[in-house]
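Under UniProt numbering, the first residue of the sequence shown is numbered 1, with each subsequent residue one higher. Below is one structure, written out as structure tokens; the observations come after it.
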Amino acid sequence: IENKIVSDCCEALIGAIYFDQGLNIVEKFILKTWKSHIKASAVTFVDSKTKLQEYSLKKFKILPIYKLLENSGPKHKPIFKVGVRLQNSEFVNAVGNSKKEAQQKAATLFLKNIDK
């Protein structure tokens, strides 16, 4: 099952519990069900797109440029090809099943190239 479907189901379940039982009960449900995952993710995670944005703003005072290069595949499982570049650089391209995923992957690849 795709992550989006699982997350949509979780969101619907939490919303149903909230509407039926209220905030206190849904809070207890969330904490009981995902307590170990919440503790494991207590460390702040900064995604590649954010890191690249911070780098670009610090170095060039402008945001990275993301461009949708290609959109293919069926509607239920699209494939997006996205490129990202900074001032005076070539596009670094990546693909994903959403624009956001493709942008994250492109930013990750771009950051890896900076470190070389």
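Cβ coordinates follow ideal geometry from the N, Cα and C atoms, glycine included.
Whole-Å CB distance - residue i paired with residue j, under 8 Å assumed
i	j	result
residue 107	residue 48	4 Å
residue 80	residue 68	7 Å
residue 110	residue 92	4 Å
residue 53	residue 84	Contact flag wrong, Cβ pair sits at about 10 Å.
residue 29	residue 38	That pair is no contact at about 13 Å.
Residue nearest to residue i in terms of C-alpha spacing, selected from the options
i	options	result
residue 33	50, 51, 14 and 22	14
residue 100	66, 72 and 89	66
residue 70	30, 31, 96 and 10	96
residue 87	112, 57 and 72	57
residue 10	50, 22 and 26	26
residue 98	113, 22, 73 and 114	73
residue 90	19, 113, 105 and 78	113
residue 105	36, 35, 20 and 51	51
Bridge-paired residues (DSSP) for residue i
i	result
residue 95	81
Distance cut-off 8 Å: residue i Cβ against heavy atoms of the ligand MG
i	result
residue 55	Although the ligand MG was asked about, the structure shown includes no ligands whatsoever.
Inset, instruction - Output the residue ranges of the alpha helix (DSSP H) runs that lie fully inside the stretch 12 to 85 and measure 4 residues or longer, sorted by chain position. - result: Unbroken alpha helix (DSSP H) runs of no fewer than 4 residues, entirely contained in the stretch 12 to 85, are found at 23 to 40 and 48 to 60, following chain order.
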